[in-house]
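> Residue numbers (the working numbering), protein chains in the order written: chain A, 6 to 317; chain B, 6 to 317; chain C, 2 to 326; chain D, 2 to 326. Glycine included, each C-beta is placed from N, C-alpha and C at the ideal position. Please read all numbers here as calculations on a predicted model, not as lab measurements.
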Amino acid sequence: MQKIRKFEQAAEQLFLEGKLPGFIHLYIGEEAIAAGVMATLNKNDYITSTHRGHGHMIAKGGDINLMMAELFGKTTGYCKGKGGSMHIADFSVGVLGANGVVGGGLPIAIGAGLGIKIKETSQVAIAFFGDGAANTGAFHESLNFASIFRLPVVFINENNQYASTAKKQETTSVENISDRAISYSIPGVTIDGNNVLAVYEAAKEAVERARDKGGPTLIEAKTYRLKGHFVGDPTKYREQTEVNNFWGKEPINIFEKQLINWEILNQKEINNINERLDNQILEAIKFAENSPEPLPEEALTDLFVDDTGYDY
Amino acid sequence: MQKIRKFEQAAEQLFLEGKLPGFIHLYIGEEAIAAGVMATLNKNDYITSTHRGHGHMIAKGGDINLMMAELFGKTTGYCKGKGGSMHIADFSVGVLGANGVVGGGLPIAIGAGLGIKIKETSQVAIAFFGDGAANTGAFHESLNFASIFRLPVVFINENNQYASTAKKQETTSVENISDRAISYSIPGVTIDGNNVLAVYEAAKEAVERARDKGGPTLIEAKTYRLKGHFVGDPTKYREQTEVNNFWGKEPINIFEKQLINWEILNQKEINNINERLDNQILEAIKFAENSPEPLPEEALTDLFVDDTGYDY
Amino acid sequence: MKTITFSEALGEAILEEMQRDDTIFTYGEDIAKQGGIFGAYKSLLGKFPNRIFDTPISEEAIYGSALGAALVGMRPMVEFHFSDFLFTGIQSITLQIEKIRYMTGGQGKLHLLLRGPDGVSNSAAAQHSESIETIFMHIPGIKIIIPSTPYDIKGMIKTSLRSDDPIICFEHKSLYSQKGEVPEEEYLIPLGKADIKKEGKDITVVTISRMVHESLKAANELVKDGIDLEIIDLRTLLPWDKETVIKSVQKTNRLIIAHETWRRAGWGAEIASTIQEEAFDSLDAPIIRIGAYNVPMPFSSVLQNFVTPDKQNIITAAKKMMGEM
Amino acid sequence: MKTITFSEALGEAILEEMQRDDTIFTYGEDIAKQGGIFGAYKSLLGKFPNRIFDTPISEEAIYGSALGAALVGMRPMVEFHFSDFLFTGIQSITLQIEKIRYMTGGQGKLHLLLRGPDGVSNSAAAQHSESIETIFMHIPGIKIIIPSTPYDIKGMIKTSLRSDDPIICFEHKSLYSQKGEVPEEEYLIPLGKADIKKEGKDITVVTISRMVHESLKAANELVKDGIDLEIIDLRTLLPWDKETVIKSVQKTNRLIIAHETWRRAGWGAEIASTIQEEAFDSLDAPIIRIGAYNVPMPFSSVLQNFVTPDKQNIITAAKKMMGEM
Ligand SMILES: Cc1ncc(C[n+]2csc(CCOP(=O)(O)OP(=O)(O)O)c2C)c(N)n1
Ligand SMILES: Cc1ncc(C[n+]2csc(CCOP(=O)(O)OP(=O)(O)O)c2C)c(N)n1
Ligand SMILES: [Mg+2]
Ligand SMILES: [Mg+2]
């Protein structure tokens, strides 16, 4: 979680300094979801991510050097500078892509589930998606499809209460998004997405069910988007008091206190971790800054495996 | 109902005789739904229909001469021969089109509802759609949209247990399609779609709620498609015994018996009605057969209101 | 005359027409609360509370509902957020809006307007950078406007909001902040009429949107090479103003077509094919088409700039055409 | 050699490849129970129960799931039912399948095949008659095959099921029942290679699918007018075989492009523009494009026949081109 937080803070700062191009959507405040879910997965399990995907990548085992380089658009980045923040992927650790299309990852995740089912392995596929995405046609089609074929897929709704400028209740006609599970005859549960242990427990149960051929689950993890929709968002659609209030409930602080209370870590150990992470982030930035820009002509590669005869 | 039945029987026969081109999807066995719902509407209320739309047209007050002519592709038809069975419409009686796209009418219906809401009239819009359509993204988006804006729309699901070759339970992950109303916080009800009075009652309640700004309702009318998906369908995906069984439950016979039992009509009156209808159908066929084919160049009209400068 | 931005001109058009005609209403994602991503709705903030609102992320329902609303007598104007997201609801356009009037033998008037940003800007990458106007030029049933200046957007949006046909309007992201002169008094611009943004005698350049400005820059630079471009801004892509183009080609005998969308099977191919069909003997050289390389838009600005056409492509093409390279 | 239908040849290809490679599986609407609307799945009835199945009517999920399945190592083949219904799920293709490999810097192999019927047939009307291959030629990221004979479909589907790139295959409805010769032994046809279906010296006709057969009929009839057509069946539309076309045009000096899809901004415009760019001096006459009138497909067979191009359009164009009309 802390690694995600620090990565995001660095990304925010770099963006505000004008060092990063494009759009950046920060995961600050939502880290417990990625961390809790990914702790239940193996490396060869799959996830599909969203436009707010840095946290998923890091928690699934992505390399922050390659991530940072991609944010900079450098040739050493995960996508050789072709994707950027919204399209980071690392198929080798099972991240089948962030996605700039709201709801775009859901059909891909069920496809991974379909592949797993036919291959008869015990992998699972996780689809992360936002509260706004729960109103897309892709959501409905994907959940029905996954249920009908009892696919090993877990749907993780990150309900951060906003879809860019729109409050969840202004656009979403159901109190708990998990109630929509009824429409697909699958288990649905709403949990505190700021409590990493609660996330872990719910995800574990769902992932085990999926591995045991018990079919999909819809988990709604309630959280809050502490930052603007994207870095630079004027955020005129909500009160600062609301934001401040949720800063008091942010997941990392809560979990740190628990770890100290339970005497699992002490403050010194936490400081050490933080220091190590700070260094890793600095390393990542250095790696990215020192990496070369792509050559223009590299734009004409990577579309097809075999591009014989193709006119660019 | 009987008018629909007879129209459909005629259409079936004409198709099998090779007189009608294209695809014909018959409403035989489902007549009580159109009849029951339309009895609750005014002429200036709107409906959107489906590929199986003859029944909706007739019940909403469509002219069977113009319908039959359209099935023949004649220039006197509702669409001047441009639409055919799957695209019959009569905006003047509020039928905003049959639709060859499964789920295609749902967004149109909510748009009609939106228009009504903004105009502040007390009209309503009805969306008819099949069990198969309940698995499309359009269904989900439309119901959520209608709920959020409390639109005066009633969603009538015609659950005839098949989506072409697929049994409802093989593709639809919920026992009752009306249970999906929960996902949109709107009333949902399942009724016997072969009982015209039950349809009427449920529709009446929903239509009144819609007119009173109470928002949308989802009604699932259970019925059975007594004929193939389209005329000519080899229908290898179901047993004839199942079909025979449902012929015993078809709506017209049931309702006729009730009318006789309650002494509302006697057999003679029924025979008279049937005779009158038979004549009307014969008239319609004659009208259609005697109507001229369109001229080829008429293909290049009706796209735009103002086609200045447009190259066909 | 006043000097205002493209966004402001667009906002003025919407405001004036909504005041004039209360059947016009407008909706989409993220437009009502902040005045729209690119500021087009700023002039509407606080006005018409029932006639401007935000929707769920449900593009098929959004576009399809515009059709339904038009059929019951309203004039909906929908923002499609990013042209890329037309794809998430495109059946409502290509299979419904574009077909229903024809299929029903001319019943109904589809007075609806879909509009929103398109084009490449600032490393938005592959899913937020597309220009897909060609699709709508190919599939019959919706008119296409693509204005390039504050003057044009205002006059054409106003005309569109009075039209009885469905219209889609693409606004290049880079244009919103560009300024230009707009008359104080009301005016309308007819659809289907190109605007010659610069007269010239050597080469006709047919273009739209951001590429109009790139063409003007190219023309400026080419002066020193003694090459005189005539720049035709089509403004309306469907129907496009064939007469104006042919007349120009008959004068210059040379044609370049410049668009930002992918070169392959882009609308430039339609113009080129038509002109070689109808003015074959006027052509002194092969028609040159300029468009993006046929790849998705990459993120890195180095790559993005390489893939996206600009004035330099036009300069190079013009010189080649005049035999100077 | 044996003589079988297009459907049967397609079925053979699928069966052989599924037997050879157990990562291939196939799904769609209404394919498993009756052997497919056009019979392509008849040879699979009862075989591979887990690898052929029917889905809900959820096109966005269907097409998108093919991408997911490919990314986990499978080779999905999806039927899109009618090409028109590509629109109800097209974001999964245009925004996902066509972009993900590029966006991720070349990660992954998208071995997936989308296939299904397209084209005009028997008054199916506006929502069931479209040919929309041009869209995929314009938006980069998927290869397009459009075979016209039993021999071609078998060899090209087999090749496609072994390809590591995403492919979309359009099969004209009128072809399924057509018969042709197919070798007993296994064969593959490489993608990207056109096939000269008839050699000739006067006019090159570039075409695909049903229009190949119309062109052959036209060629037959034109013999008596002393006009000798060379008919090039592109077979693969992306990448298309430019070399073969240019070589032919250098010989005949005349080019007709004939497709069933709408003429305006159809792929014929791409071929025409490219050839006038790259073989300007070989052309003795303007290139003629043949395509449907720019309207949705009407229902009545009188209207449908008027809108849809056929051999007569080719005959007329050829005569005009040779100065005989
Ligand atoms: C199909 C589509 N429509 C609209 C957008 C523009 N958009 C980007 S993010 C966003 C809000 C998403 O909200 P949510 O799903 O709750 O995710 P969050 O941003 O809160 O993580 C919107 C509307 C998009 N990217 N894709
Ligand atoms: C978007 C779309 N996908 C597929 C089809 C092909 N199709 C036509 S009708 C049909 C089945 C529809 O089932 P249902 O909604 O239950 O209606 P019913 O035919 O039973 O009345 C299918 C799959 C279509 N017309 N549109
Ligand atoms: Mg959200
Ligand atoms: Mg059904």
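Applying a beta-carbon distance threshold of less than 9 Å, which residues of chain C neighbour Asn266/B?
Start at 1 with the first residue of the second sequence, and residue 266/B comes out as number 261. Within chain C, no residue comes near Asn266/B; the closest Cβ sits about 42 Å away, beyond 9 Å.
> For the 8 Å Cβ check, are there 3 or more pairs between the region 32-46 of chain A and the region 54-69 of chain A?
Enough Cβ pairs lie closer than 8 Å, so yes.
> Do Val183/D and Ala41/D have their C-beta atoms within less than 7 Å of each other?
Against the fourth sequence, residue 183/D aligns to sequence position 182. Against the fourth sequence, residue 41/D aligns to sequence position 40. Not in contact: Val183/D and Ala41/D (Cβ atoms no closer than 7 Å).
> I'd like to confirm something about Ala215/B: is its beta-carbon nearer than 6 Å to some heavy atom of ligand 2, or not?
Residue 215/B sits at position 210 when you count from the first residue of the second sequence. No, the beta carbon of Ala215/B sits no closer than 6 Å to any heavy atom of ligand 2.
> First and last residue of the alpha helix (DSSP H) that includes Glu271/C?
On the third sequence, residue 271/C is found 270 positions in, with the first residue counted as 1. Element bounds for Glu271/C: 268-279.
> How about Gly285/D and Arg255/D: are their beta carbons less than 7 Å apart?
Taking the first residue of the fourth sequence as position 1, residue 285/D is located at position 284. Taking the first residue of the fourth sequence as position 1, residue 255/D is located at position 254. Before going further, note that residue 285/D is Asp rather than Gly in the sequence given. In contact: Asp285/D and Arg255/D (Cβ atoms closer than 7 Å).
> Could you tell me the boundaries of the beta strand (DSSP E) in which Met75/C lies?
Here residue 75/C refers to the residue found at position 74 of the third sequence. Premise fails: Met75/C is in no beta strand (DSSP E) and is neither H nor E.
> Mark Lys331/D as exposed unless 16 or more other C-beta atoms lie within 10 angstroms of its C-beta, in which case mark it buried.
What is shown of chain D runs 2 to 326, which leaves residue 331/D out entirely.
> How many angstroms separate the CA atom of Ala319/C from the CA atom of Glu131/C?
Taking the third sequence and counting its residues from 1, one reaches residue 319/C at position 318. Taking the third sequence and counting its residues from 1, one reaches residue 131/C at position 130. Using only the alpha carbons, I get a separation of about 26 Å.
> Give, in chain order, every residue of the region 171-188 of chain A whose Cβ lies closer than 8 Å to some Cβ of chain B.
Residues Glu175, Thr176, Thr177, Ser178, Val179, Glu180, Asp184, Arg185, Ile187, Ser188.
> So is Ser147/A in contact with chain C if we call contact Cβ pairs under 7 Å?
In the first sequence, the residue the question calls residue 147/A occupies position 142. Closer than 7 Å: no.
> Using a 10 Å radius around the Cβ and a threshold of 16 neighbouring Cβ atoms, would you call Ile224/A buried or exposed?
In the first sequence, counting from the first residue as 1, residue 224/A sits at position 219. It counts as buried.
> Rounded to a whole number of angstroms, what is the C-alpha to C-alpha distance between Thr262/C and Cys170/C?
On the third sequence, residue 262/C is found 261 positions in, with the first residue counted as 1. On the third sequence, residue 170/C is found 169 positions in, with the first residue counted as 1. Looking at the two C-alpha atoms, the distance is approximately 15 Å.
> Against chain B, does Ser152/A count as a neighbour if the rule is that its beta carbon must be under 7 Å from one of theirs?
Within the first sequence, residue 152/A is the residue found at index 147, counting from 1. So, interface residue.
> Assuming the contact rule is C-beta atoms closer than 8 Å, Met212/C and Ala259/C should be a hit. Round their C-beta distance to whole Å, please.
Here residue 212/C is taken as the residue at index 211 of the third sequence, counted from 1. Here residue 259/C is taken as the residue at index 258 of the third sequence, counted from 1. Confirmed, about 5 Å.
> Is His92/B close to chain C, meaning its C-beta is less than 7 Å from at least one C-beta of that chain?
Counting from one through the second sequence, the residue named residue 92/B turns up at place 87. By this cut-off, His92/B is an interface position.
> So, does the CB of Gly314/B fall closer than 7 Å to a CB anywhere in chain D?
On the second sequence, position 309 is the one that residue 314/B refers to. No, its Cβ sits nowhere closer than 7 Å to a Cβ of chain D.
> Could you give the DSSP three-state label for Val129/A: helix, strand or coil?
Against the first sequence, residue 129/A aligns to sequence position 124. In the structure shown, Val129/A sits in coil (DSSP, three-state: anything other than H, G, I, E or B).
> My assumption, with CB atoms under 8 Å, is that Glu13/C sits in contact with Lys180/C. Please give the rounded CB distance.
Position 12 of the third sequence holds residue 13/C. Position 179 of the third sequence holds residue 180/C. The pair is not a contact, with the Cβ atoms about 13 Å apart (cut-off 8 Å).
> I want to verify the contact list: residues of chain C whose CB lies under 9 Å from the CB of Val310/B, in sequence order.
Taking the first residue of the second sequence as position 1, residue 310/B is located at position 305. The contacting residues are Arg102, Gly107, Lys110, Leu111, His112, Ser164, Asp165, Asp166.
> Indicate whether Leu111/D and Ser161/D have their beta-carbon atoms separated by less than 7 Å.
As a working mapping, residue 111/D is identified with position 110 in the fourth sequence. As a working mapping, residue 161/D is identified with position 160 in the fourth sequence. Taking 7 Å as the Cβ cut-off, Leu111/D and Ser161/D do not qualify as a contacting pair.
> With a threshold of 6 Å, establish whether the CB of Asn165/A neighbours any heavy atom of ligand 3.
As a first step, residue 165/A must be located in the first sequence, where it is residue number 160. Yes.
> Taking Arg116/D as the reference, which of Gly142/D, Glu244/D, Leu87/D, Ile98/D has the closest Cα?
What you label residue 116/D is simply residue 115 of the fourth sequence in a count that begins at 1. Checking every option, the nearest Cα to that of Arg116/D belongs to Leu87/D.
> Since Pro151/C and Thr6/C are thought to touch, with beta carbons under 8 Å apart, how far apart are those beta carbons, to the nearest angstrom?
Residue numbering aside, residue 151/C sits at position 150 when the third sequence is read from its first letter. Residue numbering aside, residue 6/C sits at position 5 when the third sequence is read from its first letter. At roughly 6 Å, the Cβ-Cβ gap stays under 8 Å, so Pro151/C and Thr6/C are in contact.
> For Lys159/D, which residues of its own chain have a beta-carbon under 7 Å away from its beta-carbon, when the five flanking residues on both sides are left out?
Walking along the fourth sequence from the start, residue 159/D turns up at place 158. Closer than 7 Å at the Cβ level, and outside the excluded window around Lys159/D, lie Ala14, Glu17, Glu18, Leu189.
> Find the nearest neighbour of Val248/A within the set Tyr167/A, Ile257/A, Asp184/A, judged by alpha-carbon distance.
Position 243 of the first sequence, counted from the first residue, corresponds to residue 248/A. The candidate whose alpha carbon is nearest that of Val248/A is Tyr167/A.
> Which residue or residues does DSSP assign as beta-bridge partners of Pro118/D?
For the purposes of this step, residue 118/D is identified with residue 117 of the fourth sequence, where counting begins at 1. Answer by DSSP bridge pairing, in chain order: Glu172/D.
> Tell me the rounded alpha-carbon separation between Gly227/D and Lys312/D.
Here residue 227/D refers to the residue found at position 226 of the fourth sequence. Here residue 312/D refers to the residue found at position 311 of the fourth sequence. Approximately 17 Å, taken between the alpha carbons.
> Report yes if the C-beta distance between Glu185/C and Ile140/C is below 7 Å; otherwise report no.
Taking the first residue of the third sequence as 1, we reach residue 185/C at position 184. Taking the first residue of the third sequence as 1, we reach residue 140/C at position 139. The answer is no: Cβ separation not under 7 Å.
> Is the region 154-162 of chain A in contact with the region 249-256 of chain A, if contact means three or more CB pairs nearer than 8 Å?
Taking 8 Å as the limit for Cβ pairs, the verdict is that the region 249-256 of chain A does not touch the region 154-162 of chain A.
> Can you find a CB in chain B that lies within less than 7 Å of the CB of Ile58/D?
Taking the fourth sequence and counting its residues from 1, one reaches residue 58/D at position 57. By this cut-off, Ile58/D is an interface position.
> Within 7 Å (strictly less), CB to CB, does Ser169/B reach chain A?
Reading the second sequence from its first residue, position 164 is the one you call residue 169/B. Not one chain A Cβ lies under 7 Å of Ser169/B.
> Does the beta carbon of Gly142/A sit closer than 7 Å to a beta carbon anywhere in chain B?
By 1-based counting over the first sequence, the position of residue 142/A is 137. Taking Cβ atoms only, chain B reaches closer than 7 Å to Gly142/A, which makes this a yes.
> Taking just the CA atoms, how far does Leu31/A sit from Asn199/A?
Start at 1 with the first residue of the first sequence, and residue 199/A comes out as number 194. Start at 1 with the first residue of the first sequence, and residue 31/A comes out as number 26. Looking at the two C-alpha atoms, the distance is approximately 16 Å.
> Are the CB atoms of Gly193/C and Gly314/B nearer to each other than 7 Å?
For this step, residue 193/C is matched to residue 192 along the third sequence. For this step, residue 314/B is matched to residue 309 along the second sequence. Yes. Within cutoff.
> What's the gap between the Cα of Met104/D and the Cα of Asn123/C?
Mapped onto the fourth sequence, residue 104/D falls at position 103. Mapped onto the third sequence, residue 123/C falls at position 122. Distance between the alpha carbons of Met104/D and Asn123/C is about 16 Å.
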